[in-house]
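Trainee: Heads up: the sequence lines are chains A and B, in that order. Okay, so the first sequence: first residue is 47 according to my numbering, each after it adds one. Okay, so the second sequence: first residue is 519 according to my numbering, each after it adds one.
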Amino acid sequence: MLGSLIRDKGREGRRGYTLPKFDVEKVGLEKVLPKGALRKEKPGLPEVDEPTVIRHYTNLSRENWGIDTNFYPLGSCTMKHNPRANEAATAVPGFAGLHPLQPEGQIQGALRVMHEMQGFLASVSGLPAVSLQPMAGAQGELTSILMVRKFFEDRDDTGRTTILVPSTAHGTNPATATMVGFESEEIGLDEDGCVDVEELRGKVDETTAALMITNPNTLGVYEKNIAEIADILHEAGAFLYMDGANVNAIMGRMRPGDAGVDVMHFNLHKTFSTPHGGGGPGSGAIACSDDLAPFRPDPVAEKDADGYHLVRPEKTIGRVAGFHGNFGVFLKAWNYIKMHGPELKDVTDMAVLNANYVRARLKGTYRIPYEGLCKHECIVQPPKGKKALDVAKGLIDHGFHPPTVYFPLVVKEAMLIEPTETESKETLDDFVGAMLELAESPVEELEEAPVNASTRRLDEARAARKLKARW
Amino acid sequence: MARFTPHTEGDVREMLEAIGAGTVDDLFADVSPKFEGELDLPPALSEYEALSDVEGLARENVAGLPIFLGAGAYDRITPSAIGAITSRGEFLTSYTPYQPEISQGVLQAIFEFQSVISELTGLEISNASVYDGANAVAEAALMTARQTKRDPKVAVSKGLNPRYREVIETYGVVTVELPFEGGTTNFSDVPDDVSGVFVQSPNYFGAVEDVEAASEAAHAVGALAVAVCDPVSLAVLEAPGKLGADVAVGEAQPLGMPLLFGGPYAGYMATRPEFVRQLPGRICGETVDKEGKLAYVLTLRAREQDIRRARANSNICTNQALTALAATVYAALMGPEGLRKVAELSLSKAHYLAGRLEEAGFSLRYPEAPFLWEFAVELPDVGKANEALLENGMIGGLDLGDGAMLLAVTEKRTRGELDRFVEVVKNAG
């Protein structure tokens with residue numbers, strides 16, 4: 047079954063869909079198009095019937111784990127239950143059939159969703175201005191740093207060449223800085239796993255454009271000095287950008303704007319539980335201060351006495367999406383927020399409770415590199431002599447999706463566990479039980495895992511060496 | 519609230535005890551500055567109430583009418599089987615396949631997506647998709663600079679969707695404009711310092727461009743040729759890879775994705791094997807497991823941000839796996855003949871409409887340019903025509919702002935709708 051491709055299940059002449067008949071004269075392609083432009087060989091697409099298509103992809107889905115099938119504590123990715131009401135929202139024909147270029151008078155409902163969503167994110171972030179356009183977290187980062195660059199260009203401040211990035215940062219942070227044309231420089235950590243404030247003080251100067259901080263950071267640790275960090279940057283005329291991948295740990299407990307954050311992104315697919323879809327689509331909306339608001343991507347939704355409008359911010363960086371961003375994703379997130387209201391704080395509380403509980407239960411068997419409180423995720427290391435990868439693969443045989451491993455890079459054999467708030471105590475206890483059992487398992491046995499999955503461990507080097515990326 | 523979070527008060531108490539904390543508040547002792555107020559959000563609604571609001575807002579939109587807008591997003595038929603597959607929880611609620619042993623479903627679906635794109639474009643290597651067509655175009659512009667080791671500067675014309683061009687420019691790529699004459703681009707005089715030459719075919723105004731001429735012009739100055747193609751058009755138009763293009767990119771929305779007010783869609787990117795290291799985004803490849811069994815895995819990861827950090831070839835992290843899956847299922851259902859019929863139906867209907875409009879005394883903006891299913895027609899008052907169309911239950915084309923309307927005709931439009939369109943526009947004067 048596995049590996050058998052849809053194309054190989056076909057036979058010439060089979061059809062999977064019936065299209066309407068021609069109700070106008072069929073126009074010969076050669077009559078209206080230049081001969082050289084016409085295709086000579088038909089593309090080698092599958093020729094299959096609908097039952098075969100449904101069975102093929104249904105069976106493929108069964109070779110795949112999701113939140114719906116298994117506990118999925120993948121650190122930093124926030125794999126929480128996806129409420130199905132959000133799916134229902136995007137299926138409503140008045141949204142599903144709406145073209146992005148219809149005139150404003152025809153899209154008032156959609157613009158109201160955008161305008162309200164902008165307001166919701168402003169409330170959660172404590173920052174006044176929002177853009178929903180970035181289509182993923184990484185693009186939210188990129189958008190934010192492009193706005194920072196444009197702000198300095200606008201003031202003819204040409205000496206700002208550096209973006210500071212803590213050693214715990216997601217790989218997207220330094221990659222973003224490079225894409226926008228900045229040098230990225232790493233900042234180390236203090237003993238609690240937080241940005242080293244003294245090192246930062248020494249590195250911030252008139253060449254600094256911004257610090258990209260993640261809070262809570264990727265160790266699951268709250269950056270306790272965030273307000274002081276903001277002050278250090280602001281005194282040097284630089285900005286504090288916050289990677290909002292982990293906002294689900296602070297909603298209703300802390301607002302980044304109050305701590306001096308100037309611009310941040312949200313991962314709507316994490317914090318507001320829109321499905322990850324096997325790797326996308328996501329949405330990376332940003333929130334920013336009044337200083338940066340004029341630089342937001344074009345357009346944003348605004349409201350006046352006549353209704354809702356799409357408006358081009360005065361000094362915009364331009365567009366980062368073909369249309370308005372992943373509307374379907376922010377419609378789902380909007381619906382999620384409407385179903386929670388101020389009770390989003392409870393979501394935060396239970397996520398943090400679950401992570402601290404798992405950590406407390408693993409302590410003593412697993413090593414805990416940072417002893418203070420954790421937030422929505424916790425970082426542990428396997429007992430000496432065991433590899434994070436082996437424990438991770440062993441979890442698969444117990445029916446649990448592994449945590450993130452070997453990230454963040456600053457912790458050797460890191461296992462980053464994010465249980466999320468939608469898991470019960472029973473599930474967490476079962477997971478902990480499996481983790482404790484694996485800690486005792488012989489290494490030779492762990493190295494064989496998984497044995498109960500679709501495949502055994504893969505030869506990843508071969509895939510790169512003999513690249514075959516199509517049928 | 520409790521419907522998504524299972525803990526009872528007893529659970530919370532036991533868990534706090536295990537942690538050694540007195541209250542949930544204690545778990546936030548490290549947080550500073552604290553937010554002590556209540557979030558300024560409307561009160562929580564039940565599912566029924568929230569969805570009633572969605573229905574209410576949907577009624578404030580105009581949708582469900584015959585639509586003649588295109589310009590990058592098309593009102594095409596989406597077979598029911600697509601939703602049945604993309605709503606499977608195993609696909610919907612999974613993440614990037616970092617653990618291949620339990621992610622073979624998504625991985626094989628990506629492999630099949632890449633194969634479909636390779637078949638359509640005639641280029642060997644496709645990535646797993648990027649955010650949308652505009653970003654595929656912009657990523658291709660950056661890719662040309664990396665590959666040629668030149669400054670990011672690309673030749674484009676008015677035939678390139680202006681929104682795509684805007685995204686290219688947002689990403690810091692300089693654009694130089696080639697002459698646009700009679701509805702198509704003149705590639706005879708490309709500056710010799712560009713990293714890429716872009717040709718969109720069919721172009722923004724619907725006309726088929728000479729991809730081969732664009733490729734030759736690019737290669738003559740040592741630049742890469744990038745073709746921007748509607749994937750449905752590739753059922754009938756020659757694959758860009760066969761016409762010399764080095765990179766093919768575009769918007770996969772026409773392959774079975776609803777309009778949904780502009781997204782989520784998926785951008786596709788394909789290239790020749792020699793340029794694969796400069797291709798951004800995820801790539802799925804074939805391999806075997808330790809028992810020699812065929813399997814799929816994300817590969818060539820050393821290009822990517824989570825491995826390479828500041829030296830990655832893009833900051834891109836995710837692909838659009840779920841919408842790419844929709845495109846794959848669409849391609850499987852249609853097959854080569856079905857996709858060809860979608861193209862032929864659209865083309866026949868578009869040419870019927872263009873002919874009827876000309877009979878009614880209107881001029882096409884570019885009468886000499888060969889087109890598929892999108893074209894611009896000159897009207898005395900585009901705004902008035904669109905108002906009249908709406909009054910008659912139709913959504914008109916895009917007002918180009920210079921006395922012309924850009925019309926897209928898909929397989930969904932019926933002869934009756936096309937006739938009515940002509941009548942209404944004629945009467946609008």
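From the three backbone atoms N, C-alpha and C, an ideal C-beta is built for every residue, glycine too.
Given a threshold of 16 other Cβ atoms within 10 Å of its Cβ, counted over all protein chains shown, does residue 395 of chain A qualify as buried or as exposed?
Mentor: Along the first sequence, one-based indexing puts residue 395 of chain A at 349. Counting Cβ neighbours within 10 Å, residue 395 of chain A comes out buried, since at least 16 surround it.
Trainee: Buried or exposed: which applies to residue 639 of chain B, given that a residue is buried once 16 or more other Cβ atoms fall within 10 Å of its Cβ?
Mentor: Reading the second sequence from its first residue, position 121 is the one you call residue 639 of chain B. Result: buried.
Trainee: Excluding sequence positions up to five away, which residues of its chain have a Cβ less than 7 Å from the Cβ of residue 167 of chain A?
Mentor: For the purposes of this step, residue 167 of chain A is identified with residue 121 of the first sequence, where counting begins at 1. Hits under 7 Å: 176, 312, 331 and 333.
Trainee: Measuring straight from C-alpha to C-alpha, what distance separates residue 720 of chain B and residue 524 of chain B?
Mentor: Looking up residue 720 of chain B in the second sequence gives position 202. Looking up residue 524 of chain B in the second sequence gives position 6. Whole-angstrom Cα-Cα distance: 53 Å.
Trainee: Could you check the C-alpha separation between residue 290 of chain A and residue 261 of chain A for me, to the nearest Å?
Mentor: Position 244 of the first sequence, counting from 1, holds the residue named residue 290 of chain A. Position 215 of the first sequence, counting from 1, holds the residue named residue 261 of chain A. Approximately 7 Å between the Cα atoms of the pair.
Trainee: The ligand ATP and residue 494 of chain A: does the residue's C-beta get closer than 7 Å to at least one heavy atom of that ligand?
Mentor: The model on display carries no ligand, and the ligand ATP is accordingly not part of it.
Trainee: When you compare only the Cα positions, how much space is there between residue 11 of chain A and residue 538 of chain B?
Mentor: Examination of residue 11 of chain A is not possible in this model, given that chain A is present from 47 through 517 alone.
Trainee: Spatial neighbours of residue 901 of chain B within its chain, please: C-beta separation below 7 Å, excluding the five flanking residues on both sides.
Mentor: By one-based count along the second sequence, residue 901 of chain B stands at place 383. Here the set comprises 917.
Trainee: Measuring only the C-alpha atoms, how far is residue 828 of chain B from residue 455 of chain A?
Mentor: The residue labelled residue 828 of chain B in the question sits at position 310 within the second sequence. The residue labelled residue 455 of chain A in the question sits at position 409 within the first sequence. Roughly 14 Å between the two C-alpha positions.
Trainee: Consult DSSP for residue 775 of chain B and reduce its assignment to one of helix, strand or coil.
Mentor: Numbered from 1 along the second sequence, position 257 holds the residue referred to as residue 775 of chain B. Coil, per DSSP.
Trainee: What residue does the alpha helix (DSSP H) around residue 902 of chain B start on, and which one ends it?
Mentor: As a working mapping, residue 902 of chain B is identified with position 384 in the second sequence. Its alpha helix (DSSP H) spans residues 900-909.
Trainee: Closest by CA to residue 273 of chain A, which one among A:255, A:294, A:300 and A:72?
Mentor: Here residue 273 of chain A refers to the residue found at position 227 of the first sequence. Nearest option by C-alpha distance: A:300.
Trainee: Under 9 Å, CB to CB, which of the residues in the segment 670-682 of chain B have a partner in chain A?
Mentor: If the cut-off is 9 Å between Cβ atoms, the segment 670-682 of chain B has 679, 681 and 682 near chain A.
Trainee: Does residue 67 of chain A come out as helix, strand or coil in the three-state DSSP assignment?
Mentor: Reading the first sequence from its first residue, position 21 is the one you call residue 67 of chain A. Coil, per DSSP.
Trainee: So, residue 339 of chain A versus residue 174 of chain A, is the Cβ gap smaller than 8 Å?
Mentor: As a first step, residue 339 of chain A must be located in the first sequence, where it is residue number 293. As a first step, residue 174 of chain A must be located in the first sequence, where it is residue number 128. Going by C-beta atoms, residue 339 of chain A is nearer than 8 Å to residue 174 of chain A.
Trainee: Are the CB atoms of residue 684 of chain B and residue 365 of chain A within a distance shorter than 8 Å?
Mentor: Taking the first sequence and counting its residues from 1, one reaches residue 365 of chain A at position 319. Taking the second sequence and counting its residues from 1, one reaches residue 684 of chain B at position 166. Their beta carbons are under 8 Å apart, which means residue 365 of chain A touches residue 684 of chain B by this criterion.
Trainee: For residue 909 of chain B, count neighbouring C-beta atoms within 10 Å of its own C-beta (all shown protein chains included) and say buried if the count is 16 or more, exposed if not.
Mentor: Taking the first residue of the second sequence as 1, we reach residue 909 of chain B at position 391. Classification of residue 909 of chain B: exposed, given that the 10 Å Cβ count is below 16.
Trainee: State the start and end residues of the unbroken beta strand (DSSP E) segment that holds residue 692 of chain B.
Mentor: Taking the second sequence and counting its residues from 1, one reaches residue 692 of chain B at position 174. It spans 692-695 - the beta strand (DSSP E) in which residue 692 of chain B sits, taken as one unbroken run.
Trainee: At least one CB of chain A closer than 8 Å to the CB of residue 770 of chain B: is that the case?
Mentor: Here residue 770 of chain B refers to the residue found at position 252 when the second sequence is read from its first residue. It does not: the Cβ of residue 770 of chain B has no partner Cβ on chain A nearer than 8 Å.
Trainee: Please state whether the Cβ-Cβ distance between residue 803 of chain B and residue 789 of chain B is less than 8 Å.
Mentor: Taking the first residue of the second sequence as 1, we reach residue 803 of chain B at position 285. Taking the first residue of the second sequence as 1, we reach residue 789 of chain B at position 271. No.
Trainee: What does the Cβ neighbour count give for residue 130 of chain A, buried or exposed, with the cut at 16 atoms within 10 Å?
Mentor: To locate residue 130 of chain A, count along the first sequence from 1; it is residue 84. Classification of residue 130 of chain A: exposed, given that the 10 Å Cβ count is below 16.
Trainee: Does any C-beta atom of chain A lie closer than 8 Å to the C-beta of residue 519 of chain B?
Mentor: The residue given as residue 519 of chain B occupies position 1 in the second sequence. Low confidence applies here, because residue 519 of chain B scores a pLDDT of 49, under 50, leaving its location unreliable and the question unanswered by this model.
Trainee: Mind pulling the chain A residues with CB within less than 7 Å of residue 867 of chain B?
Mentor: For the purposes of this step, residue 867 of chain B is taken as residue 349 along the second sequence, with counting starting at 1. The contacting residues are 70.
Trainee: Mind checking who residue 424 of chain A pairs with in its DSSP beta bridge?
Mentor: For the purposes of this step, residue 424 of chain A is taken as residue 378 along the first sequence, with counting starting at 1. Answer is A:463, bridged to residue 424 of chain A.
Trainee: Three-state secondary structure (DSSP) at residue 453 of chain A?
Mentor: Indexing the first sequence from 1 puts residue 453 of chain A at position 407. Three-state result, residue 453 of chain A: coil.
Trainee: On the premise that residue 595 of chain B lies in contact with residue 930 of chain B, defined as a C-beta separation below 8 Å, what is that separation, rounded to the nearest angstrom?
Mentor: On the second sequence, residue 930 of chain B is found 412 positions in, with the first residue counted as 1. On the second sequence, residue 595 of chain B is found 77 positions in, with the first residue counted as 1. 6 Å between Cβ atoms; contact.
Trainee: Taking only beta-carbon atoms, is residue 737 of chain B less than 8 Å away from chain A?
Mentor: Against the second sequence, residue 737 of chain B aligns to sequence position 219. No, residue 737 of chain B does not count as interfacial toward chain A.
Trainee: Checking the sheet assignment: what are the DSSP bridge partners for residue 334 of chain A?
Mentor: For the purposes of this step, residue 334 of chain A is taken as residue 288 along the first sequence, with counting starting at 1. Partner(s): A:175 and A:309.
Trainee: Check the DSSP bridge columns for residue 802 of chain B and list the partner residues they point to.
Mentor: Looking up residue 802 of chain B in the second sequence gives position 284. Answer by DSSP bridge pairing, in chain order: B:816.
Trainee: So if I threshold CB-CB distances at 7 Å, which residues from the segment 84-101 of chain A count as touching chain B?
Mentor: Cβ contacts with chain B come from 84, 85, 86, 88, 89, 90, 91, 92, 93, 94, 96, 99 and 100.
Trainee: What are the partner residues of residue 249 of chain A, as DSSP defines its beta bridges?
Mentor: Within the first sequence, residue 249 of chain A is the residue found at index 203, counting from 1. Its beta-bridge partners do not exist; DSSP assigns none.
Trainee: Any chance the segment 71-82 of chain A sits against the segment 610-623 of chain B, with 3 or more Cβ pairs inside 8 Å?
Mentor: The segment 71-82 of chain A vs the segment 610-623 of chain B: no contact.
Trainee: Is the Cβ of residue 752 of chain B closer than 8 Å to any Cβ of chain A?
Mentor: On the second sequence, position 234 is the one that residue 752 of chain B refers to. Taking Cβ atoms only, chain A reaches closer than 8 Å to residue 752 of chain B, which makes this a yes.
Trainee: Residue 636 of chain B CB to nearest chain A CB: under 8 Å?
Mentor: Position 118 of the second sequence, counted from the first residue, corresponds to residue 636 of chain B. Yes, residue 636 of chain B lies at the interface with chain A (some Cβ there is under 8 Å from its Cβ).
Trainee: Just to check my reading of the structure: residue 754 of chain B and residue 858 of chain B have Cβ atoms closer than 8 Å, yes? What is that Cβ distance to the nearest angstrom?
Mentor: Position 236 of the second sequence, counted from the start, is the residue given in the question as residue 754 of chain B. Position 340 of the second sequence, counted from the start, is the residue given in the question as residue 858 of chain B. At roughly 6 Å, the Cβ-Cβ gap stays under 8 Å, so residue 754 of chain B and residue 858 of chain B are in contact.
Trainee: Determine, for residue 944 of chain B, whether the minimum Cβ-Cβ distance to residues of chain A falls below 8 Å.
Mentor: Indexing the second sequence from 1 puts residue 944 of chain B at position 426. No, residue 944 of chain B lies away from the interface with chain A (no Cβ there is under 8 Å from its Cβ).
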